[in-house]
Amino acid sequence: DAEITQSPRHKITETGRQVTLACHQTWNHNNMFWYRQDLGHGLRLIHYSYGVQDTNKGEVSDGYSVSRSNTEDLPLTLESAASSQTSVYFCASSLKTSNEQFFGPGTRLTVL
Amino acid sequence: AQSVTQPDIHITVSEGASLELRCNYSYGATPYLFWYVQSPGQGLQLLLKYFSGDTLVQGIKGFEAEFKRSQSSFNLRKPSVHWSDAAEYFCAVGSSNTGKLIFGQGTTLQVKP
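From first to last, the protein sequence lines stand for chains A and B.
Per this note's numbering, residue 21 is the first one in the first sequence, and the count goes up by one each step.
Per this note's numbering, residue 70 is the first one in the second sequence, and the count goes up by one each step.
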């Protein structure tokens, strides 16, 4: 079955380190999204992509970057991790902008 | 500004009782509307969606929602709650042009036996 996976599921890192969170989908969806989930804020959009070589900033993009070199993957990089980036991160994908999004299981990141 | 408000942070209902979770939105164009459910430690699962047409939408697990344009609302309902419905519920509004979603803060549902 087609699916969307995230790795690692849990990560502990130190302030200042570079961290990359992986997202892989096998639906051949054009659109991919990264969100962070924090208490009291719901999910907030970090970055998104409409296809290979396309990336766009979302609502809370500072300190994060993404790259899209193929259809299946959209890795999220924290250039220099900060404690404020401790959160649960969700990746999602959709076939078209007019379709619903399907979510991965999430990555819980702790920055000490 | 575009936004989604879920007025109830926590709701507790007895098993077998009816449920209504509220969602209000502020959006300039005709919105696409969604309800997602998140069980502890899990990702988000789509319950139902409204794109156009009939304003009463049926979803999975016995849930339904009604789009009321005049009230800018998209409330989620279930006639009889089961213990397995305990989870966090998110309302979201989206654009068919950009595909981006704006989420509400979520409502945590607790079900009493």
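Where a beta carbon is used, it is the ideal one built from N, C-alpha and C, also for glycine.
query, result
"Does DSSP classify residue 78/A as helix, strand or coil?", "coil"
"I'd like the list of long-range same chain contacts for residue 161/B, defined as Cβ closer than 6 Å, with 5 residues on each side in sequence excluded.", "103, 170, 172"
"Closest by CA to residue 141/B, which one among 82/B, 99/B, 94/B?", "94/B"
"Check the Cβ-Cβ distances between residue 167/B and every residue of chain A, and say whether any is below 8 Å.", "yes"
"Under the three-state reduction of DSSP, which class applies to residue 47/A: helix, strand or coil?", "coil"
"At a CB-CB cut-off below 9 Å, which residues of chain B make contact with residue 125/A?", "110, 111, 112"
"So, with DSSP's three-state summary, where would you put residue 89/A?", "coil"
"Alpha carbon to alpha carbon, how far is residue 28/A from residue 64/A? Give it in angstroms, no decimals.", "20 Å"
"Under 8 Å Cβ-Cβ, which residues of chain A neighbour residue 14/B?", "Nothing in the structure corresponds to residue 14/B, since chain B is present only between 70 and 182."
"Three or more C-beta pairs under 8 Å: does that hold for the region 32-43 of chain A against the region 55-71 of chain A?", "no"
"Between residue 117/A and chain C, is there a C-beta pair that is closer than 8 Å?", "Looking for chain C here will not work: the only protein chains present are A and B."
"Near residue 127/B, which residues of its chain fall below 6 Å by C-beta distance, leaving aside the five closest residues on each side in sequence?", "133"
"Please state whether DSSP places residue 181/B in a helix, a strand or coil.", "strand"
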